[in-house]
Amino acid sequence: MASSSGQSRAAQELAAVYAAMFEAMNFVEGKYVPRFLVKPPAPLGGSGEVEAIGAAHYVLAQLYPGQKSSLDAALERSLAAFPDWQATSRARIWGRHLGGNVYASALSAPDRASNRRGMGSSGESGLSGEMWNSIVTRSIEGRTLQPIERARIYALLSLAASTVYSAAGDAGDGAAVPCVSCALGAAMRVILETEFGSGSLAEGGSASERAPARAYFIPVRDDAGESVSTKAGEEMGTRIGLQALTYYRRIK
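No gaps in the numbering here: position 138 of the sequence shown is 366 in my numbering, and each next residue is one more.
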């Protein structure tokens, strides 16, 4: 079953939302090298959570204009948690500015999902959004992460997933067409294991500080075992995961 263009587009849109959230936070806090926004001369100071909420709202409103009223209501509920009376203004002004720039850049990036061809030859088409979110959430739950650190992981993984769909769509037809879920699994595994460790306990470390259980990753190999498609997917996903890790590096 070939992957639908809708599924590929969804991965691209998800990446735009998560990238906008992270980059808005990072614009304020200035801790990582940005990818889509220009780094300000100096961090604005404070937490960028409000700006991230505003950026996510802006991008989602552009993607789903028919749901603007419900998105506006969700924005107000989210901002209610912030006592700062200027939160709504900051979220709307900075969210529109920063989110708008990331939205325009992310959806026009050369490695965005092209959908020019069907994807996958192993009888599957990748991950549903719900499954993807579940895997990521379970992989980082229980970790002591700052909001911007958590946002960065979501941005890296979603950008990698979007690139997987783009690369798979450009792969053509034949036995060597990469297995999409294999590629997604490999990309996610490379990113999470690089960030959190391979799963073996380091000397002096505790289980809660180490990598998530391997069961939380999507299986890289399917029933096809060492098929050409499976191997191609693993290789492609590993390459894309390593590429994603070059984004958003910590500013020393």
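We treat Cβ as the ideally placed atom computed from N, Cα and C, and that holds for glycine.
Computed from a predicted model, the values in this text were never measured in an experiment.
With fewer than 16 neighbouring CB atoms inside 10 Å of its own CB, Glu369 falls in the exposed class.
Taken in chain order, the whole alpha helix (DSSP H) runs of length 4 or more contained in the stretch 279-320 are 296-307. Non-local beta-carbon contacts of Ala309 in its own chain, meaning distances under 8 Å to residues more than five positions away in sequence, are absent.
When Phe264, Tyr260 and Thr466 are compared, the shortest CA-CA separation from Arg378 is found for Tyr260. Measuring C-alpha to C-alpha distances from Leu387 to each of Ser306, Lys296, Gln471 and Ser297 identifies Gln471 as the nearest. Here DSSP, grouped into helix, strand and coil, assigns Arg467 to helix. Rounded to the nearest whole angstrom, the C-alpha separation of Val287 and Ile281 is 10 Å. Between the C-alpha atoms of Lys459 and Ile363 there is a straight-line separation of about 22 Å.
With contacts defined as CB atoms closer than 8 Å, Ala283 and Gly327 qualify as a contacting pair.
Sixteen is the threshold: when 16 or more other Cβ atoms of the shown chains lie within 10 Å of the Cβ of Glu462, as they do, the residue is buried. By a beta-carbon distance limit of 8 Å, Ile419 contacts Leu473. Their separation comes to about 6 Å. When secondary structure is reduced to three states using DSSP, Tyr475 falls in the coil class, being assigned neither helix nor strand.
Leaving aside the five residues that flank Thr316 on each side, the residues in its chain whose CB is nearer than 7 Å to its CB run, in chain order, Leu307.
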